[in-house]
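Accompanying notes for the structure given below.
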Amino acid sequence: MIKERIVRGAGFTRALPIFFVLIVLVLATLPKYLGVMYQVKFVQAFILILLATMWNLLAGFGGLVSIGQQAFIGIGAYALVYFADILNLNPFVATLFAGIFCGLCAIPLSFLVFRLAGGYFAIGTWVVAEIIKLFTVQISALGGGSGISLAAFSGMGRETRIAAVYWSAVVTIVVVLLSTILLMRSRLGLGLTAMRDDNVAAGVLGVKVMRYRRIVFVVVAMGFGFAGSLIAMSNLRVQPDDIFSVNYSAIMIFMVVIGGLGTIEGPILGAILYYFLQDRLRDYGAWYLIVLGIIAIVTVLTAPKGLWPLITRDRISLFPTKYRVISPTKDGAR
Amino acid sequence: MSILSVSNIEAHYGDLQALFGISLSIDPGQVHSVIGANGAGKSTLLKVIAGNLPASSGEVTYQNKKINNQSAHERVKSGISLVPEGRRIFSSLTVEENLKVGAFTKRAGHWNLKTLKELYPLLADRWNRIGFYCSGGELQMLAIGRALMANPDLLLIDEASLGLAPVVVAQVYASLSEITKQGTAVLLVEQDVHQALRASSTTSVLLEGKVVMEGSSSSLTIPSIKDAYFGVGASNGLD
Amino acid sequence: MVWTNAIVQGLLTGGLYALLASGLSLIFGVMRIVNLAHGDFSILAAYAVISVAMHTNLIGGIVLVLPVMALLGYFLQRTLLNKSLAMGVLSPLLITFAFSIIIQNVLLQVYTANNKSILTGRFSSESIKISKDLQIGLLPLVTFLAGVIVTVCLHYFLNHSQLGRALRATSDDPMAADLVGINNRHIYGIATAIGLFSAGIGGVLFGMRTQFAPSFGPIALVFAFEAVIIGGLGSLWGTLLGGVVLGIAQGIGSQIQPAYGILAGHIVFIAVLVLRPQGLLPKQMGAQK
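Residue numbers (the working numbering), protein chains in the order written: chain A, 30 to 363; chain B, 787 to 1025; chain C, 537 to 825.
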């Protein structure tokens, strides 16, 4: 008797890891052919993808809607400057340490904000981000209210520096995306999906809800730390009001909601869409944010799952994490 | 002339069909009981009549008007009140406040705080107790009382005796005649077959979402109901 | 004496935070959603009063703007928010966050980023002299009284009016509320209307007391949020107390060094969260869900 099979992904999914590897190879060889300008643009887009992916991991899989993740972007950025300039570490090693430092900071902070739930958790994370900013401003070694410049690259030529930043961004995004996929395919990922679908039921089934959430919170904080240090590398300057800005949260939420919360591909799509939107609308000043707000509301109300599931009708999964049952009678041929 | 009639009602929970063409009708001032095993669709039927669950096909006619498209709160305004499964008393409100909220639609009629105190003296003693702290019997009386505060013409009661002490069950059933005396029709869902037959004038027996037997309560016999309960002929193997 | 003064001024400011917080708390209590645009609605009301007052006068502005805020709340709830409520916990958060971004940037377009304040003439400078070193400004006193009055009114409304009971009933069990004839969608509209009305009062008094800009909404939200958490979720009197505690903490902080005011408030908030997460005056058991 032919039994149903349970496989990951859908449709022509299994050919796609190769496609993915190709994209990575192309991205890795691009700096040779593209001008410096485009490398900078790519770095911007990579940072957006990184931010969207991390926020989605937190909210879409962990069920933790935060509007305070700029705390870790800021900590990551300042940590990079501190490790690279003040402790004189190699900037790439400093990036690694900045990420780990963010993860370490996230552990005690999680015990604080996890006391709040739902919407109050969201504001709570924001307040924590504000407090961290207020403390950072008090530290004169980090430049106080006016911020601090990153000097580690000052010996390098502009092109070399930009290529270095580009490479860091490529490496970071590959590592982060792969770890996200692996994380979601692990036992933890399964538990997270169960939690997201029904918190209480998952708890009853033995998913350690609190512990899983804490792990996600910490892992995501590391991701934001990497993003923060990339931002510092590409801007060469860290200013408290910018790096701790709640606008980061607004942008991340926009990208994830537009693309598709709780999918891996959606936030990437959202980040790319946002990248082009901001490029087009930047000149319109405040109107641009108003338009983004309206688009977000319309999307939430009319396509709550976002664009990715809408476009692909759940048939295509670039990064197979979901299981599905293939029945031999119906679509076993696929 | 019947106050309520439903004809060929079908209802679904998502993809799952719960009712398969149910029809019944009730006259004013009468008690009609609906009995059947767990999962037969009794509560679902009440939800459809109260407006909590839309009928996917069929008609709900109340006082000669088709009310399929009315929401639950609109039906309360026109005189249909449901005592829901699990009673659903407002847990942060006191007994008095629960009753007052019951009168939200301001329908005129016999029932008010004073007449309810007379109907259920137990509630009068618990007047300022918060719903959260009420016992099962108190909750049931409060739930019926809260529904009566809307002065309904049709009262739907889901599981009148479930989980209650026999003394309380007796009190609840004794109050039914007071309620019908006001001309209110009662549609009663009940687990206890004997109790249901005694309290009602007509009865429908449900099995797997269909009416398998109906008639005046006095004409239905326990063995025949048992057949209907478990499918025809089942009682041959039982008892 | 400077400390007494700092504490008294902080206490009076606390009334303002309680005002901002009561609407946030009410909306959360009835619908379990946090209005992330709450502070922005306050600032919106303050700007609207400035604009209307230019054509009439201050009283005219307030009398016109506050009911409009309530209507706006009802309208937004009935159109957008009710729809999002059915779509899980995330959607209302996203929508109110989008409101926040939209309001801030519309205000930025219309009124620019320059600081403004609501001019009250002599009213803002008059004060009552308690002793040689302690003076109580009339405006701070009025602000505080407004906070107390709104709390008392809300308390009375929720406990002793039929509509208030319906709000509490819907908060307990929306389905059962539907079954006694309460239209949940209308009740939610009422809750948001009251929420924005009180946010409006808070915003106007805020605008009379200090300068403000379009970007001040989030700060107002944070203060309101801290007052709610310090006081205890779901408790009106707790929220008033939370506002006062926050105000006093900020007053004392500012007395140490002006830059420490807000930070001191944050620290008290964190301390409460760590040491007494249910808040100072939590809702009584049994009244809890």
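Cβ coordinates follow ideal geometry from the N, Cα and C atoms, glycine included.
No experiment lies behind these values; they were computed from the predicted model shown.
- Task: Could you tell me whether any Cβ in chain A is nearer than 8 Å to the Cβ of residue 558(C)?
- Result: no
Would you call residue 76(A) buried or exposed, if buried means 16 or more other Cβ atoms sit within 10 Å of its Cβ? buried
How is the alpha helix (DSSP H) around residue 828(B) delimited, first residue to last?
828 to 836
For residue 772(C), I'd like the list of residues in its chain whose CB is within less than 8 Å of its CB, leaving aside the five on either flank, ordered along the chain. 558, 561, 687, 690, 691 and 694
### Message
For chain C, check one thing: does any of its Cβ atoms lie closer than 8 Å to the Cβ of residue 269(A)?
### Response
no
- Item | Buried or exposed (CB count within 10 angstroms, at least 16 for buried), residue 539(C) | exposed
Rounded to whole angstroms, how far is the Cβ of residue 583(C) from the Cβ of residue 760(C), which I believe are closer than 8 Å?
-> Actually they are not in contact, since the Cβ atoms of residue 583(C) and residue 760(C) sit about 18 Å apart, beyond 8 Å.
>> Across the segment 935 to 952 of chain B and the segment 908 to 915 of chain B, are there enough close Cβ pairs to call them in contact, namely three or more that are closer than 8 Å?
In response: no
| If you draw a straight line from the C-alpha of residue 544(C) to the C-alpha of residue 780(C), how long is it? | 10 Å
Report yes or no: is there a C-beta of chain F within less than 8 Å of the C-beta of residue 569(C)?
This model lacks chain F altogether, as its protein chains are A, B and C.
Do you know whose CA, among 81(A), 74(A) and 98(A), lies nearest residue 246(A)'s CA? 98(A)
Query - Selected residue, minimal CA-CA separation from residue 657(C), among 799(C), 595(C) and 804(C) - result: 595(C)
Show which residues of chain A have a CB atom less than 7 Å away from the CB atom of residue 627(C).
-> 329 and 333
Requested in this report: Tell me, please, whether the CB atom of residue 553(C) is closer than 8 Å to any CB atom in chain B?
Outcome: no
Q: Scan the segment 707 to 720 of chain C for residues whose Cβ lies nearer than 9 Å to a Cβ of chain B and list them as they occur along the chain.
A: 707, 708, 709, 711, 712, 713, 714, 715, 716, 717, 718, 719 and 720
query: Can you list, in chain order, the residues of the segment 130 to 151 of chain A whose Cβ is nearer than 7 Å to any Cβ on chain C?
result: 141, 144, 147, 148, 149 and 151
| said: I'd like to confirm the pairing. Which residues does DSSP put opposite residue 806(B) in its beta bridges? | reply: 796(B)
Distance, residue 774(C) Cα to residue 94(A) Cα: 26 Å
Let me know if residue 795(B) comes out buried or exposed under the rule of 16 or more other beta-carbons within 10 Å of its beta-carbon.
buried
request  = Verify the CB distance criterion: does residue 703(C) have a CB-CB separation below 8 Å to chain A?
outcome  = no
**Inter-residue spacing [alpha-carbon to alpha-carbon] between residue 622(C) and residue 130(A)** = 40 Å
Once you ignore the five residues that flank residue 915(B) on each side, which residues in its own chain have a CB closer than 7 Å to its CB? 880 and 881
If I measure Cβ to Cβ from residue 853(B) and keep anything under 6 Å in the same chain, skipping five residues before and after, which residues do I get?
846
Suppose the cutoff is 7 Å on Cβ atoms and the five residues either side in sequence are ignored; what does the same chain contact list for residue 616(C) look like? 631
Just to confirm, is the Cβ distance from residue 840(B) to residue 712(C) under 8 Å?
no
Handout entry: Bridge partners - residue 1066(B), DSSP secondary structure assignment
Key = As displayed, chain B neither begins before 787 nor continues past 1025, which places residue 1066(B) out of reach and without an answer.
Note to self: Below 9 Å on C-beta distance, what does residue 888(B) contact in chain C?
What the structure shows: 716 and 717
Taking 8 Å as the threshold, find out whether the segment 625 to 642 of chain C comes into contact with the segment 324 to 334 of chain A through three or more Cβ pairs.
yes
| query | What residues match up with residue 328(A) in a beta bridge as DSSP calls it? | reply | Answer is none; residue 328(A) lacks a bridge partner.
Within-8 Å CB hit, residue 642(C) to chain A = yes
Problem - Integer-rounded CB distance, given that residue 679(C) should sit under 8 Å from residue 551(C) - result: 5 Å
Query raised in the report: What's the gap between the Cα of residue 1012(B) and the Cα of residue 949(B)?
Result: 22 Å
ask   = Are there 16 or more other CB atoms within 10 angstroms of the CB of residue 239(A), so buried, or fewer, so exposed?
value = exposed
- Query: Are the C-beta of residue 826(C) and some C-beta of chain B separated by less than 8 Å?
  - Reply: Outside the shown range of chain C, which is 537 to 825, sits residue 826(C), and nothing can be said about it.
When the cut-off is 8 Å and only beta carbons count, does residue 84(A) lie next to chain C?
no
_Closest residue to residue 577(C) among 625(C), 790(C), 641(C) and 765(C) (Cα-Cα distance)_ = 641(C)
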